[in-house]
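Worksheet: one structure, shown below.
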Amino acid sequence: MDGKLKLIMKPIIDILNERISSAIMSAAGVDCPAVVKPTGDAKFGDYQANGVMAAAKQLKCNPHQLAEKIIDVLDVSDICEEPEIAGPGFINLRIKPAFLEAKLLEINSDANQLGVDEISKAEKVVVDFSGPNIAKQMHVGHLRSTIIGDCIARMYKFLGYDVVPQNHIGDWGTQFGMLCALLEKKTEKKKTNETKTLEDLEAFYKEAKSLYDTDEEFAKTARDAIRGLHNGESFWIGEWNAIVRESQNHYLPIYGRLGVRLTQEDERGESFYKDMLAGIVEQLKKQKLATESEGAICVFPEGFKNKEGAALPFIIQKSDGAFLYATTDLAAMKFRVDELGAKKIIYVTDARQALHFQMLFAVVKEAGWVDDSVELKHITFGTMLGEDNKPFKTRSGETVKLKDLLDEAVERAAVVVNEKNPELPDEQKMQIANAVGIGAVKYADYSNNRDSDYVFSFDKMLAMEGNTAPYMQYAYARIKSIERKAGGKDVNIEAEISNIKELHLVEQQEIDLAKHLLKYSEAIIAAAAECRPNFLTGYLYELAQKFSSFYSACQVLKADEKSRPTRLLLCDLTARTIKHGLNELLGIEVVEQM
RNA sequence: GCGCCCGUAGCUCAGCUGGAUAGAGCAACGGAUUUCUAAUCCGUAGGUCGCAGGUUCGAAUCCUGCCGGGCGUACCA
5 MDGKLKLIMK PIIDILNERI SSAIMSAAGV DCPAVVKPTG DAKFGDYQAN GVMAAAKQLK
65 CNPHQLAEKI IDVLDVSDIC EEPEIAGPGF INLRIKPAFL EAKLLEINSD ANQLGVDEIS
125 KAEKVVVDFS GPNIAKQMHV GHLRSTIIGD CIARMYKFLG YDVVPQNHIG DWGTQFGMLC
185 ALLEKKTEKK KTNETKTLED LEAFYKEAKS LYDTDEEFAK TARDAIRGLH NGESFWIGEW
245 NAIVRESQNH YLPIYGRLGV RLTQEDERGE SFYKDMLAGI VEQLKKQKLA TESEGAICVF
305 PEGFKNKEGA ALPFIIQKSD GAFLYATTDL AAMKFRVDEL GAKKIIYVTD ARQALHFQML
365 FAVVKEAGWV DDSVELKHIT FGTMLGEDNK PFKTRSGETV KLKDLLDEAV ERAAVVVNEK
425 NPELPDEQKM QIANAVGIGA VKYADYSNNR DSDYVFSFDK MLAMEGNTAP YMQYAYARIK
485 SIERKAGGKD VNIEAEISNI KELHLVEQQE IDLAKHLLKY SEAIIAAAAE CRPNFLTGYL
545 YELAQKFSSF YSACQVLKAD EKSRPTRLLL CDLTARTIKH GLNELLGIEV VEQM
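For the first sequence, our numbering gives the first residue as 5, with consecutive numbering after it.
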């Protein structure tokens, strides 16, 4: 790829920003960003530069007159019509049809990237997400971290980063001590060799938890057990292995169903760091950062206060000698920076852990383990609520198992497929129900601002109207249907598209769709920068809407010879973009028919 | 007490480093199918952006205070 092509592959908004910013510089002599944004209203054109008013303020001059001076030195004639000044000093820009057409052809010539440039090469990004607990089924509480993290990993990868997903499994914490203590009690310390199903383990877990909370002696046994495990001297290490294996057999298939790309190779659970933990504590002691307080070993990072206003501890070793999640997180951080060479580490966990991560980040910086060249990000998200606006639970108050949730979504989708398309073969109906059901669950999550809590509702997400997965899958299926019908109408789509020399964008719906197709890169870059999948779903929804308007206004196969290749190309690029966004970035299946 | 998040149309939510008349979807109402899938499209109606100040040419957006909700705040993760 040569330099020229690279330049033009840049998002249009970036090109305009650069051009206008430098025009402001040369016309006014101030370094003031152009602040180019898409216009709120089509009557103002496609993009507007808002920065002139700010520049005029700096210079204490009339913004309108300044805008005129800027336009005089501004050359965007290859992209836009003559810029217009409006209001107090907006510069309004309208994309030239010729540019639109050229750009569309260019995207077509590089269909894998869909007009999106790789912005960075090989910078290593660790994305820490999912992190289910061993010995428990995944429940709805794991859904958000798992799929949001997966989407972030996919977006960064597509943009050219060297992404290392990490699944920080909860396989070494206090809950394990409880399980061991219960095994000890039940078997009188005899190894059993029985394989335990996950259901057994869950029942065990429940029993252990309630004993732990009520029986002080049991709690002590549990703490001893986890300390033993942490010191590598536990009788139960074999049992521990079996429990981990059984749990993997459960959650790896769930990842498969969810279309989440985490594999066993991405797994570095808490136990992976077990040999580092004592050293972590020692080192922080040596650095005089860790001190004993109330029997526990703590670091007191700057600026954190507890209820009484005293320094807030980051506890790295409990008074009973066991390590805890702060210790493993420190070890993981060191490993990621020193061994993996991470330049950016993104932690995807719910918002309740915000304080923990703030303190973690503060500690590693104070210790000098991580310098400013490494970016640490905690990406938070809100809670999934039930329709009663309380944390999502079953009617009997149990946590909802992820498997059950997915099953129900697929079943409900299957009912609709049967209504709409009874004539399809069963196997295909199942496949569609699967794609629609799982897709609806994921999409509903992605399309919400991750900061807010959101109300989970099968009825809403499977309504198949509005901003939902099925709406977009449907748009895709319609395009595929056109392609299938083309043969019967003697239309050779491939030939028509590959022979296109110039486009004829005439109808408003064609132009709107074309313009939106060019904005894919802007959407992905914004979504990745902020780790906000809802920016991407917003883009895709708008694309599907614009396609649907186009579809009902413009005939494709029966279009005249002048229009048809252009329309076929619009269909093709729309389908590819929807497929790419849904499939490659959100991990949601598309279907050929629905 | 302190800290973080949230408060936008009847409901569920967008609103990108402050920008022009605050946008979608659902629900409501009215239209569109001899035409490539109507799981669709077109239109109507609906808002003191929690409240009060402040900064600004301009505030849903930034600052301060208050109200309401959620979460966190020493040995769970």
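Just so it is clear, CB atoms sit at the ideal spot from N, CA and C, and this is done for glycine as well.
For clarity, every value in this text was computed on a predicted model and none was experimentally measured.
Going by DSSP, which residues form a beta bridge with residue i?
{"i": "S297", "result": "A300"}
{"i": "L389", "result": "P395, V459"}
{"i": "A315", "result": "K309"}
{"i": "K128", "result": "D166"}
What are the boundary residues of the alpha helix (DSSP H) that residue i is part of?
{"i": "P169", "result": "Run containing P169: none in the alpha helix (DSSP H); it sits in the beta strand (DSSP E), 166–170."}
{"i": "I89", "result": "Element bounds for I89: not the alpha helix (DSSP H) but the beta strand (DSSP E), 88–90."}
{"i": "A53", "result": "No alpha helix (DSSP H) holds A53; the beta strand (DSSP E) holding it covers 51–53."}
{"i": "I515", "result": "512–521"}
{"i": "N96", "result": "First-last for N96: 94–97, but that is the beta strand (DSSP E), not the alpha helix (DSSP H)."}
{"i": "P426", "result": "It is not in any alpha helix (DSSP H) - P426 carries neither H nor E in the DSSP assignment."}
{"i": "F103", "result": "101–113"}
{"i": "C184", "result": "178–191"}
{"i": "F276", "result": "No alpha helix (DSSP H) holds F276; DSSP gives it neither H nor E."}
{"i": "S81", "result": "Taken as a continuous stretch (DSSP letters only), S81 belongs to no alpha helix (DSSP H), as it is neither H nor E."}
Beta-carbon within less than 8 Å of residue i's beta-carbon, same chain only, minus the 5 sequence neighbours each way: which residues are those?
{"i": "K674", "result": "No information on residue 674 is available, as it lies outside the stretch 5 to 598 that the chain covers here."}
{"i": "A413", "result": "G441, I442, A444, V445, F462, M465, L466"}
{"i": "D457", "result": "G386, T387, M388, L389"}
{"i": "T43", "result": "G49, D50, Y51, Q52, N96"}
{"i": "D455", "result": "A355, T384, F385, G386"}
{"i": "D516", "result": "K550, S553, F554"}
{"i": "A560", "result": "It should be noted that the sequence gives Val, not Ala, for residue 560. The residues are I486, R568, R571, L572, C575."}
Which residues bound the beta strand (DSSP E) around residue i?
{"i": "H382", "result": "379–383"}
{"i": "I320", "result": "318–321"}
{"i": "K348", "result": "348–352"}
{"i": "P42", "result": "40–42"}
{"i": "F365", "result": "Run containing F365: none in the beta strand (DSSP E); it sits in the alpha helix (DSSP H), 358–370."}
Can you tell me whether residue i is buried or exposed, with buried defined as 16 or more other CB within 10 angstroms of its CB?
{"i": "N137", "result": "buried"}
{"i": "S400", "result": "exposed"}
{"i": "R23", "result": "buried"}
{"i": "C65", "result": "exposed"}
{"i": "I319", "result": "buried"}
{"i": "A531", "result": "buried"}
{"i": "I349", "result": "buried"}
{"i": "N438", "result": "buried"}
{"i": "A102", "result": "exposed"}
{"i": "G174", "result": "buried"}
{"i": "N422", "result": "exposed"}
{"i": "S149", "result": "buried"}
{"i": "P169", "result": "buried"}
{"i": "Q513", "result": "buried"}
{"i": "I89", "result": "buried"}
{"i": "V510", "result": "exposed"}
{"i": "A358", "result": "exposed"}
Per DSSP, what kind of secondary structure is residue i in: helix, strand or coil?
{"i": "T267", "result": "coil"}
{"i": "N245", "result": "helix"}
{"i": "A481", "result": "helix"}
{"i": "I19", "result": "helix"}
{"i": "F133", "result": "coil"}
{"i": "F308", "result": "coil"}
{"i": "F162", "result": "helix"}
{"i": "H143", "result": "strand"}
{"i": "K562", "result": "coil"}
{"i": "I12", "result": "Only weak support exists for where I12 lies, its pLDDT of 48 falling under 50; the coordinates are left without a value."}
{"i": "L256", "result": "helix"}
{"i": "T398", "result": "coil"}
{"i": "K200", "result": "coil"}
{"i": "T472", "result": "coil"}
{"i": "K464", "result": "helix"}
{"i": "G236", "result": "coil"}
{"i": "K224", "result": "helix"}
{"i": "K616", "result": "Residue 616 is absent from the structure shown; the chain starts at 5 and stops at 598."}
{"i": "G591", "result": "coil"}
{"i": "G283", "result": "helix"}
What residues in its chain sit with their C-beta under 7 Å from that of residue i, if we drop five residues either side in the sequence?
{"i": "Y599", "result": "As shown, the chain starts at 5 and ends at 598. That puts residue 599 outside it, with no answer to give."}
{"i": "N54", "result": "V39, K41, F94"}
{"i": "R416", "result": "G441, F462, L466"}
{"i": "E546", "result": "H520"}
{"i": "D6", "result": "Residue confidence for D6 is low, a pLDDT of 35 falling below 50, so the modelled location carries little weight; the figure read from the coordinates is stated next. So the list is empty, once near-sequence residues are dropped."}
Between which residues of its own chain and residue i is the CB-CB distance below 6 Å, once the five residues before and five after are set aside?
{"i": "R287", "result": "In the sequence as displayed, the identity of residue 287 is Gln instead of Arg. Around Q287: no qualifying Cβ."}
{"i": "N310", "result": "L316"}
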